[in-house]
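**Student:** Right, I'll just put the structure down here and ask away after.
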Amino acid sequence: MPKLVIASIGPASSVQDGGRPGSQRYGLTPSGAMDRLPLAAANVLLGNAPLAAAIEIGPFGAAFTARGGPVRLALSGAQRSVDIARRPVAFDSSMTLADGETLTLGFARNGSFSYLALEGGIAGEPTFGSLAVNARAGLGSPYPRPLQAGDELQAAMASGAPERRIELPAIPDAPIRVVPGPQDDEFSEEAKALFLGSDWKISATSDRMGYRLEGPVIKHLHGHNIVSDGMVNGSIQVPGNGQPIVLMPDRPTTGGYPKIATVITADFGRFAQIPAGHIFRFKAISIAEAQEAARAFSELLRTLPDRLRGIENFDPNIEALRDANVAGTAVSAVDVGTWQSSSA
Amino acid sequence: MAATTLPPPRLLPSGDSAITVEFSRNIDDAANQRVLALDRTLAEAPIAGVTETVPTYRSLLVHYDPCRIDFATLGEKLMALARRAVSAGTKARRWRVPVVYGGEHGIDLEDVAKTLNTTPDDIVMRHVAGHYRVAMIGFTPGWSYLSGLDKSLHMPRRQNPRLLTPAGTISIGGVQTGVQCLAGPSGWHLLGRTPVRTYQLHRDPIFLLEPGDYVTFSQVDAKTFADQDHAAEAGGIVAELVA
């Protein structure tokens, strides 16, 4: 059987899937992909279950080599330069690596995480139904830690199915929507207005457990210690120094700082993709609006197969694409609206 | 306690897919009993769309799927259930958990004794005398927070939390005592260690303690601890279920 060898990879890269919710009452963090939409897109391109395990690739470059046979892959998420043996490859597409060929990815642009799925999924032993890496708890398979150069993933022999691309909706450059609470009453109206009205940046010390925010100091009304209660992905807690932390999938299940607001489900992946140092804002919406957005997001995930397109007529101007990639401009050969497909 | 005297909980949105049902803002035994009662009620008669529940000292976090039930509908159902009287909780189990106190196993025991103007033996005696309830499990897998700590043992947490404390640590902090399963950071005072794994993969059950279970501690010597630690490593439960 062929395998995919990690030739090189940066930090913050690990096998992730839909995570292992269901045991938070025992302190088990759910983990799972930072951004579910591109995870699902990459999987759907190969006929895998949408939230099957794939490689979550952090902001740095990476390279993967097929050994022992051809391996079929698909890539989605944060854009980067990508080539197979120096041939540029389109994003949001499936591709086949011939035996011995190397897929090379550059730095992430306008995002942090890309997802590389393998046809047939990743082979491993699930714990609590998941292969997702949770290094702190020693969970994850085939490696219970972030990926390193030299790691090998067992792969299925490439099926030879026609390659496909997927048309994803454009990602809006809009504020990150939040629902106030559960402890917004621990903050004055001024503090809440400051939180919603200020520019924020993601600190470079952020990780899969939490994103530290840099911006104005958000003061508490009654001090920063509350009795621990449950947390969710996107909980925005404010510790004693007044610099909020947004809880990410490897978060603890409970915590003892007041939570001023919660990032909505539909915007969580978009938030996770914000690169360190990039300025953004929050916007408060109602629960009803957030739930409508969550249902629309769920429907988007469910209907991803309808967005698959053939690439028989895929004939990109290779020279232009290569020049653009070398110049470092974000280029996707399949940006919605810029590509005419045979089956659309 | 009559149901009519209970103040209603507060329903706090935790985003679009979870509700915090808050019974108190403080560590409050009566509130914790109501949290656990609501948790049991939801386990016995599940509400469609609820995906999991996380009990804590003062609130129950209810995760749900907004595609199946909305905030207002779920909130009404939870409010109705939470107003009911606390049930007896007959299912709660009682565990006896062995602990080796002091020395290398509990490096803060002597300091705690000094701070409280007594002897290490006296601290151990008071800690072993307690009847505790698992108020919540959180932070890291199997970290069990116990209520019922003797008032004379209440003391502030350490000024400087330790970045690494051993697996199986038994410690006290504030008004609580706890059983820590995995090695990790802690700002509590370390009294001893237990060989019991509250969380162990490839064992049935993976998680030993449930929120609401009762716990007492029994003192064992270092040799017994070492023997039981081997047994536990091999998948033994080691903790004793008492009638």
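First to last, the sequence lines map onto chains A and B.
Take 1 as the starting number for the first sequence in the working numbering and just add one per residue.
Take 345 as the starting number for the second sequence in the working numbering and just add one per residue.
For glycine and all other residues, C-beta sits at the position ideal for the given N, C-alpha and C.
Predicted, not measured: the structure shown is a model, and the values here were computed from it.
With B/P357 as the anchor, note down where its alpha helix (DSSP H) starts and where it stops.
**Tutor:** Unbroken run through B/P357 is the beta strand (DSSP E), 354-357; no alpha helix (DSSP H).
**Student:** Using a Cβ distance threshold of 8 Å, determine whether the region 91-104 of chain A contacts the region 50-57 of chain A, with at least three qualifying pairs required.
**Tutor:** No, the region 91-104 of chain A does not touch the region 50-57 of chain A.
**Student:** How should B/K435 be labelled, buried or exposed, when 16 other C-beta atoms within 10 angstroms of its C-beta is the threshold for buried?
**Tutor:** Counting Cβ neighbours within 10 Å, B/K435 comes out exposed, since fewer than 16 surround it.
**Student:** Less than 8 Å between CB atoms is the rule here; does A/S159 satisfy it with respect to chain B?
**Tutor:** By this cut-off, A/S159 is not an interface position.
**Student:** Note down the Cα distance separating B/T395 from B/C411, rounded to an integer number of angstroms.
**Tutor:** Between B/T395 and B/C411, the C-alpha separation is close to 12 Å.
**Student:** Should the region 102-113 of chain A be called in touch with the region 495-506 of chain B, which here means at least 3 C-beta pairs below 8 Å?
**Tutor:** No, they do not touch.
**Student:** To the nearest angstrom, how far is it from the Cα of B/T348 to the Cα of B/A426?
**Tutor:** Any reading at B/T348 needs caution, since the residue's pLDDT is 47, under 50, leaving its predicted position unreliable; the model's value is listed next. Using only the alpha carbons, I get a separation of about 12 Å.
**Student:** Extract the residue ranges of the alpha helix (DSSP H) inside the region 437-495 of chain B, only unbroken runs of 4 or more that lie entirely within it.
**Tutor:** Within the region 437-495 of chain B, the complete alpha helix (DSSP H) runs of at least 4 residues are 453-459, 464-473.
**Student:** Could you tell me the boundaries of the alpha helix (DSSP H) in which B/H574 lies?
**Tutor:** Residues 566-577.
**Student:** Starting from A/A294, find everything on chain B with Cβ-Cβ shorter than 8 Å and list it in chain order.
**Tutor:** Chain B residues near A/A294: D360, S361, P410, C411.
**Student:** Residues of the region 365-376 of chain B in Cβ contact with chain A at a cutoff of 9 Å, in chain order, please.
**Tutor:** Listed in sequence order: E366, S368, R369, N370, I371, D372.
**Student:** If you count every other CB in all the chains shown that lies within 10 Å of the CB of A/V217, and 16 or more means buried, which is it?
**Tutor:** When all chains shown are included, A/V217 counts as exposed.
**Student:** If the cut is a Cβ gap below 7 Å, which residues of chain B does A/S31 touch?
**Tutor:** Within chain B, no residue comes near A/S31; the closest Cβ sits about 12 Å away, beyond 7 Å.
**Student:** Please tell me whether B/T509 has its Cβ less than 8 Å away from any Cβ of chain A.
**Tutor:** By this cut-off, B/T509 is not an interface position.
**Student:** What does DSSP give as the partner residues of B/V537 in its beta bridges?
**Tutor:** What sits at residue 537 of chain B in the sequence shown is Arg, not Val. Note: B/R537 sits in a beta bridge opposite B/V444, B/T513.
**Student:** Using a Cβ-Cβ cutoff of 7 Å, what residues of the region 167-184 of chain A are near chain B? List them in chain order.
**Tutor:** So the list reads V179, G181, P182, given in the order they occur along the chain.
**Student:** Given this structure, state the Cα-to-Cα distance separating B/A389 from B/I413, to the nearest angstrom.
**Tutor:** Looking at the two C-alpha atoms, the distance is approximately 16 Å.
**Student:** Considering just the uninterrupted stretch of the alpha helix (DSSP H) at A/G197, what are its terminal residues?
**Tutor:** Element bounds for A/G197: 189-197.
**Student:** Near B/P353, which residues of its chain fall below 6 Å by C-beta distance, leaving aside the five closest residues on each side in sequence?
**Tutor:** Only V365, E366, F367, A426 meet the Cβ criterion.
**Student:** Helix, strand or coil for A/Y26? Go by DSSP, reduced to three states.
**Tutor:** Note: A/Y26 maps to helix in three-state DSSP.
**Student:** Report the rounded CA-to-CA distance for A/Q16 versus B/F569, giving the unit in angstroms.
**Tutor:** If I take the Cα positions, the gap works out to 38 Å.
**Student:** Can you find a C-beta in chain B that's less than 8 Å from the C-beta of A/Q148?
**Tutor:** By this cut-off, A/Q148 is not an interface position.
**Student:** Going by DSSP, what residues sit across from A/P180 in a beta bridge?
**Tutor:** In the DSSP output, where bridge partners are listed per residue, A/P180 has A/A261.
**Student:** What is the rounded straight-line gap between the Cα of A/T127 and the Cα of B/T397?
**Tutor:** Cα-Cα distance, rounded: 20 Å.
**Student:** Which residue wins for smallest C-alpha separation from A/E56, given the options A/A123, A/G32, A/I279, A/H222?
**Tutor:** It is A/G32.
**Student:** Quick one, are the C-beta atoms of A/G106 and A/R80 less than 8 Å apart?
**Tutor:** Cβ atoms of A/G106 and A/R80: closer than 8 Å.
**Student:** Using 8 Å as the cut-off, can you tell me whether the region 60-72 of chain A makes contact with the region 3-17 of chain A, which would need three or more C-beta pairs spanning the two stretches below that distance?
**Tutor:** Enough Cβ pairs lie closer than 8 Å, so yes.
**Student:** Helix, strand or coil, according to DSSP, for A/R72 in the structure here?
**Tutor:** Strand, per DSSP.
**Student:** Could you have a look at B/Q544 and say whether DSSP puts it in helix, strand or coil?
**Tutor:** Three-state DSSP puts B/Q544 in coil, outside helix and strand.
**Student:** I'd like the span of the alpha helix (DSSP H) that includes B/M423, first residue to last.
**Tutor:** Its alpha helix (DSSP H) spans residues 415-426.
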